[in-house]
Amino acid sequence: MNKGILPFLTGKLFLLSFFLFFAASLSFAQQHSVARKWNEALLAAIRKDFARPPVHARNLFHISMAMYDAWAVYDDEAEAVLLGKTFGGYTCPFNGVPAPADVQAAQEMAMSYAAYRLLGFRFQNSPGIATSQALFDSLFTSLGYDPSFTSGDYSTGNPAALGNYIATCVALFGLQDGSNEPNNFVNQYYQPINNPMAPELPGSQGISNPNHWQPLTFDVFIDQSGNVIPGITPAFQSPEWGRVTPFSLQTDELHIYERDGDLYWVYHDPGPPPFIDVVDGGGYTEAFKWNFLLVALWSSHLDPTDGVMWDISPASIGNIQSLPQTIEALPDFYNGLEGGDIGQGWPLNPRTGQPYEPQVVPRADYARALAEFWADGPNSETPPGHWFTILNYVNDHPSLVKRFNGKGEVLGDLEWDVKAYLTLGGAMHDAAVTAWGIKGWYDYTRPISAIRYMADLGQSSDAGLPHYHPNGLPLIPGYVELVLPGDTLAGAGNANVGKIKLYAWRGPDYISNPATDVAGVGWILAENWWPYQRPTFVTPPFAGYVSGHSTFSRTAAEVLTLLTGDPFFPGGMGEFHAAQNEFLVFEDGPSVDLTLQWATYQDASDQTSLSRIWGGIHPPADDIPGRRLGQVLGPEAFQFAERYFYHDDDMDGYYSFEDCDDNDPNIHPNATEICDGADNDCNGLVDDSITVYTYYADLDG
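In short: position in the sequence shown from 1, add 21, done, that's our numbering.
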């Protein structure tokens, strides 16, 4: 760590050799707030860094917090998170600043200095630092600010000095938050139980405990951001992350467990995944087999020539009303052989009042596009950053009305952005702390290890057939079968007869040029099964349970729903176009133009979760608990954030943005309207629910 830059986080400045490139990339954002511009710079830097979802969820939170605090200090109602407070055991002293003549100009300056310094500090060791720093410098100077001003003495009233000071506070907070940032986030005690697997070789290669994560070893490993990682066996990424200071998580939601004398912090513990009983096949062995077999079965869906066509519009996909609550209920939620889930779609677009237009495409194109869209690589902003791009997409929609929680006054772009970024950033960080704490403690296996392990054992359907083992793969005609004499997979001297074969995606051996080749689906030896991923990546370097994608995505969907006050995307649909023979990078495709479409934020989240099954990364047992966690984490983070934004001065349970009179506890949106000349229930009408009687005199009797 470069401690010499710590006091004011000046960082190392780089020549603007990339200026023209980034000038083009920034031109689209000139109408956006400075918060948005710095958020885009952060996302660009994440794309050039190592693929580290927990680390970048933390970056998104911390940099959003720095910008928010720099904005809030000049606001009449909002409260800072760290500035002048003690947060996560760290105190950032603050003596106040005089009111500026131009509040927004002061906010923008303080925010920009805070973001600029902190970004340079956080990404100083990134493999893409030259590119990223050039972007930071270009944006900073284009806003009219001076990179050489490094003072943190805010007592002068200079917003630039305040921004520098806030950046220093956030950086120092991060050095003691349990992330082990001073040592580049390396693990302090976790050790894998299993020896590594070389995925290009057959089988699980002597895995000692099939319930636990198995490292993978490579001749060349390229992470999801396209970086070549030194060493051939990537370590488990962030198994001790449960110890990192969260945003809104509370100690009464925390369990601290011990293994080999080391402590693992787990928030919102969902309980263990289905483990296989290696002794007698009892317990949750059948559930273990069903979960990982489903991943192998869905691998058979990835052939665009199989003739299976689906309507992938919101008319047929989405609108899931409930999630399974037990392991035993999982098979009723997923369509095991055909793929997909119980979602029935939406009869009408609620914003247009018209039915959604069908979009019928090959199932394989949909599944492959979905898997790659959410796969976060290469050059991706990782799952938490991906949801920031979706938030920014929503913010740019002309139909969005920027009322917090859909209530109160319309907010300006700057206020909306800082509040949205802090809320989503805090939620993504909480999701990472929660999911990776669970991953580290339960240390659950991945499909490539589980499927190959069961294939090594044999088949579990019929003791009278060859290669029987109670923990082997179940046989399913047309999908999971035994290799018989005369089979094209029998091998020289029938060496493979009796082994298990799968009808599945054939893997990277069938792809010489990803720009033109398609591996297709066919019969392969199960011992060679491969997820729909690159041969230099295969599977993320950390345990499967729970799914980080499912946890991040459902958490974000809940936040966006609460933030906008609407479960639907603006206009009733969000979409992303995948061009024919251009979008896919694992292999050629899709074979047709298609557009990923979502009616609601939850629908997008649910498609994220399915993408990880088609991608061969997660079974349902990883997915559903992650979604259920997100149902809790999103609202928790939102409710925690709004306490910083708004007051409830009259203590009636309604914040100022939704209460039409925050000084009278008898006036609020749920009050009873009485005849007193006031709008008691905040519906914009006075005495509107009072029954008025008119009496007429009968003068002639």
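Every residue, glycine too, gets a C-beta built ideally from N, C-alpha and C.
Please read all numbers here as calculations on a predicted model, not as lab measurements.
With DSSP as the reference, please indicate the residues paired to residue i in a beta bridge.
i	result
Tyr442	Answer is none; Tyr442 lacks a bridge partner.
Gln480	Tyr489, Leu494
Thr112	Thr107
Gly304	Ile297
Tyr465	His233
Arg424	Val431
Pro383	Met330
Ile243	Val249
Met218	Leu237
Phe8	Only positions 22 to 722 of the chain appear in the structure, and residue 8 is not among them; the question remains open.
Within 10 Å of its beta-carbon, does residue i have 16 or more other beta-carbons around it, so buried, or fewer, so exposed?
i	result
Ser420	exposed
Ala56	buried
Ala226	Going by the sequence as given, residue 226 is Gln instead of Ala. Buried, since its Cβ has 16 or more Cβ neighbours within 10 Å.
Thr585	buried
Val580	buried
Val124	exposed
Asn701	buried
Cys696	exposed
Gly493	buried
Val265	buried
Thr576	buried
Glu98	exposed
Gln554	buried
Thr107	exposed
Gly292	exposed
Gln480	buried
Asn549	buried
His418	exposed
Ala126	exposed
Asn13	Any question about residue 13 goes unanswered here, given that the chain covers just 22 to 722.
Whole angstroms is fine: what's the gap from residue i's alpha carbon to residue j's?
i	j	result
Phe409	Asp90	19 Å
Ser5	Lys58	Absent from the model: residue 5. The displayed extent of the chain is 22 to 722, so no value can be given.
Gln258	Ala350	31 Å
Val613	Pro368	25 Å
Ser710	Pro588	29 Å
Arg664	Ala392	37 Å
Gln448	Arg280	Checking the sequence shown, residue 448 turns out to be Ala, not Gln. Straight-line Cα distance between these residues: approximately 28 Å.
Pro121	Gln128	9 Å
Trp286	Leu275	7 Å
Phe161	Ile150	16 Å
Asp174	Leu183	7 Å
Gly199	Val207	11 Å
Ile253	Leu237	8 Å
Gly429	Val76	35 Å
Ala66	Leu605	23 Å
Pro255	Thr347	33 Å
Gly247	Phe71	8 Å
Asp719	Asp708	29 Å
His668	Asp682	12 Å
Ser54	Ser401	23 Å
Tell me which residue opens and which closes the beta strand (DSSP E) that residue i is part of.
i	result
Gly595	595-599
Leu615	615-619
Ile277	275-280
Asp538	Note, Asp538: premise wrong, no beta strand (DSSP E); not H, not E.
Tyr285	283-288
Asp158	Taken as a continuous stretch (DSSP letters only), Asp158 belongs to no beta strand (DSSP E), being part of the alpha helix (DSSP H) at 150-163.
Leu503	501-503
Asp332	330-332
How would you write the range of the alpha helix (DSSP H) that residue i sits in, first residue to last?
i	result
Trp262	Looking at the DSSP string, Trp262 is not in any alpha helix (DSSP H), and its letter there is neither H nor E.
Pro656	641-666
Met132	124-143
Glu579	569-585
Phe409	403-416
His77	74-93
Gln52	That residue, Gln52, is in no alpha helix (DSSP H); it is neither H nor E in DSSP.
Ile634	622-635
Say yes only if the C-beta of residue i is nearer than 6 Å to one or more non-hydrogen atoms of the ligand SAH, and no if none qualify.
i	result
His689	Among the components modelled here there is no ligand, and therefore nothing to report on the ligand SAH.
- Ignoring anything shorter than 4 residues or poking outside the region 345-370, list the alpha helix (DSSP H) runs there in chain order. none
- Message: Just to confirm the assignment: which complete beta strand (DSSP E) runs, minimum length 3, are found wholly within the region 509-564?
- Response: Those beta strand (DSSP E) runs which fall completely within the region 509-564 and span 3+ residues are 521-526, 542-546.
- Task: Note down, one range per segment and in chain order, each alpha helix (DSSP H) of at least 4 residues found wholly within the region 167-212.
- Result: 180-195
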